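S.K.: Protein chains in written order, with the numbering used here: chain A, 13 to 224; chain B, 13 to 224.
There's a structure below that I have some questions on.
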């Protein structure tokens with residue numbers, strides 16, 4: 013939404029002097045209240061200003077960027093997640109690297125029976141290990157992976173925005189998308205049902221900007 | 013921007029029956045023209061409807077999503093790019109991996125004198141090489157890098173959206189941000205002045221959604 017210069021000026025006045033009545037704003041601008049009425053209506057309906065009877069207009073703290081922000085919060089992980097690529101913790105580092113290349117992913121999830129999450133391995137973990145002089149044909153990924161409960165996860169119901177914030181804050185490339193399942197022993201496990209990476213976020217960014 | 017139910021209805025009417033005058037819309041809704049005036053003003057100023065004298069209102073073809081799309085196109089690479097991490101093409105694969113870990117980046121740019129772009133190496137290139145049984149202490153990165161002119165670039169003036177589309181379309185993790193420089197021999201080179209990765213895009217995505 014593109015504001016006119018007069019609407020920007022009104023926004024500034026209310027930001028600095030609010031709460032303020034329509035008459036007072038009109039006076040500051042040397043205009044009549046009637047002239048300002050459509051502008052005030054627009055700013056109020058766009059959520060930039062709020063009006064309270066007997067008090068006047070005050071700034072809602074919402075910027076036009078809020079429109080964009082709200083849209084980004086409405087997209088859910090379920091709608092953009094990818095298929096997870098999983099290995100067993102006994103899988104060798106060598107086989108894990110090969111799997112990564114065949115599936116063309118940057119992160120593998122390590123699962124046990126039932127697809128339950130045990131750990132995560134990144135390209136960075138594997139690169140560090142191949143450099144370390146280990147016998148990567150014998151070393152199992154279980155030794156080098158980041159292990160539960162130290163694995164950051166997301167769920168299908170989480171907003172992509174919240175998941176993206178986890179990626180940035182904790183400096184990881186991808187999150188397993190999980191759902192809670194009841195275990196036969198009465199406990200709870202996390203079943204891996206997807207993968208959310210910086211590639212998914214970048215693809216969403218491109219899609220949201222398509223068509224103009 | 014959240015539209016009211018009445019504004020949504022007006023939008024539907026104009027989509028289906030436009031161009032249509034304010035009076036005709038009012039008639040369809042059994043309301044007065046005066047009642048609709050603020051709604052029509054808002055829809056017009058938000059760019060969802062256009063008004064032409066003697067013709068009436070017609071649908072601009074812009075959806076509310078267009079507001080988001082336009083915002084994404086307005087952010088430029090210059091405003092979010094990172095510092096580039098560069099090596100010389102004689103640098104060994106081993107030293108390149110170490111540099112990648114020390115600088116904590118996923119992509120290195122290979123430059124010659126004057127910071128001129130010669131090639132790019134990704135974490136994936138290095139992982140493949142360490143697996144190949146080469147002597148990575150002796151193998152220079154010049155042998156394994158993606159070499160100019162096959163390197164995809166961006167510039168500070170390009171929109172982040174266009175750069176993100178390159179990352180997705182060509183399946184790369186990062187682009188060198190370059191500017192053209194005149195060479196002493198009369199030719200042109202590309203000086204590396206930044207780095208744009210999926211991490212930058214994800215961070216921007218998080219920033220655009222902050223504060224609500």
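Backbone N, C-alpha and C fix where the C-beta goes; we use that ideal spot for every residue, glycine too.
Predicted, not measured: the structure shown is a model, and the values here were computed from it.
Shorter than 8 Å from the beta carbon of residue 182 of chain B to some beta carbon of chain D?
M.R.: Absent from the structure is chain D; the protein chains it does hold are A and B.
S.K.: What does DSSP give as the partner residues of residue 186 of chain B in its beta bridges?
M.R.: B:209
S.K.: Residues of chain B with a CB under 7 Å from the CB of residue 22 of chain A: which are they?
M.R.: Residues of chain B passing the Cβ test: none, with the nearest at roughly 13 Å.
S.K.: When burial is assigned at 16 or more other CB atoms within 10 Å of the CB, is residue 96 of chain A buried or exposed?
M.R.: buried
S.K.: Residue 135 of chain A CB to nearest chain B CB: under 8 Å?
M.R.: yes
S.K.: Measuring CB atoms only, is the segment 150–162 of chain A touching the segment 81–97 of chain A, in the sense that at least three cross pairs come out at less than 8 Å?
M.R.: no
S.K.: In chain A, which residues lie less than 8 Å from residue 32 of chain B when you measure between Cβ atoms?
M.R.: Here the premise fails: no neighbours, minimum Cβ distance about 21 Å.
S.K.: Once the 5 residues before and after residue 177 of chain A are set aside, which same chain residues still bring their CB inside 7 Å of it?
M.R.: none
S.K.: Got a sec, what are the start and stop residues for the beta strand (DSSP E) residue 133 of chain A sits in?
M.R.: 128–134
S.K.: So within the segment 15–93 of chain B, which uninterrupted beta strand (DSSP E) runs reach at least 3 residues, ignoring any that extend past its ends?
M.R.: 61–64 and 68–71
S.K.: Go through its chain and collect everything with a Cβ distance to residue 201 of chain B's Cβ below 6 Å, but skip five positions before and after it.
M.R.: 128, 193 and 195
S.K.: Looking at residue 99 of chain B: is its Cβ nearer than 8 Å to the Cβ of residue 70 of chain B?
M.R.: no
S.K.: Buried or exposed for residue 46 of chain B, going by 16 or more other Cβ atoms inside 10 Å?
M.R.: exposed
S.K.: Here's the rule I'm using: 16 or more other beta-carbon atoms within 10 Å means buried, otherwise exposed. How should residue 137 of chain B be labelled?
M.R.: By the 16-neighbour rule on beta-carbons within 10 angstroms, residue 137 of chain B is buried.
S.K.: So the candidates are B:91, B:191, B:157 and B:33; which of them puts its Cα closest to the Cα of residue 65 of chain B?
M.R.: Closest by alpha carbon: B:33.
S.K.: Kindly indicate if chain B contains any beta-carbon less than 8 Å away from that of residue 177 of chain A.
M.R.: yes
S.K.: For chain B, find out if any of its Cβ atoms is closer than 8 Å to the Cβ of residue 111 of chain A; answer yes or no.
M.R.: no
S.K.: Just checking: is the beta-carbon of residue 46 of chain B within a distance shorter than 8 Å of some beta-carbon in chain A?
M.R.: no
S.K.: What does the alpha-carbon distance come out to for the pair residue 37 of chain B and residue 59 of chain A?
M.R.: 25 Å
S.K.: Give me the subset of the segment 135–160 of chain B whose CB atoms are less than 9 Å from a CB atom of chain A, sorted by chain position.
M.R.: 135, 136, 138, 139, 140, 142, 143 and 148
S.K.: For the alpha helix (DSSP H) that residue 167 of chain B lies in, which residues bound it at each end?
M.R.: Taken as a continuous stretch (DSSP letters only), residue 167 of chain B belongs to no alpha helix (DSSP H), as it is neither H nor E.
S.K.: Roughly how many angstroms lie between the CA atoms of residue 44 of chain A and residue 22 of chain A, to the nearest whole one?
M.R.: Rounded to the nearest angstrom, the two C-alpha atoms are 13 Å apart.
S.K.: Determine the contact status of residue 132 of chain B and residue 112 of chain B, defining contact as a CB-CB distance below 8 Å.
M.R.: no
S.K.: Inspect the beta-carbon positions of residue 204 of chain A and residue 123 of chain A and report whether they are closer than 8 Å.
M.R.: yes
S.K.: So with Cβ pairs under 8 Å, would you call residue 84 of chain A a contact of chain B?
M.R.: yes
S.K.: Do you know how far the Cα of residue 62 of chain A is from the Cα of residue 135 of chain A?
M.R.: 50 Å
S.K.: Within this structure, are the beta carbons of residue 142 of chain A and residue 186 of chain A separated by less than 8 Å?
M.R.: no
S.K.: List, in order along the chain, the chain A residues whose C-beta lies closer than 7 Å to that of residue 221 of chain B?
M.R.: 81, 84, 85 and 173
S.K.: Along the segment 52–69 of chain A, where does the CB come closer than 8 Å to a CB of chain B? Name the residues.
M.R.: 53, 54, 57, 58 and 59
S.K.: Is residue 199 of chain A helix, strand or coil by DSSP?
M.R.: coil
S.K.: Taking just the CA atoms, how far does residue 52 of chain B sit from residue 19 of chain B?
M.R.: 8 Å
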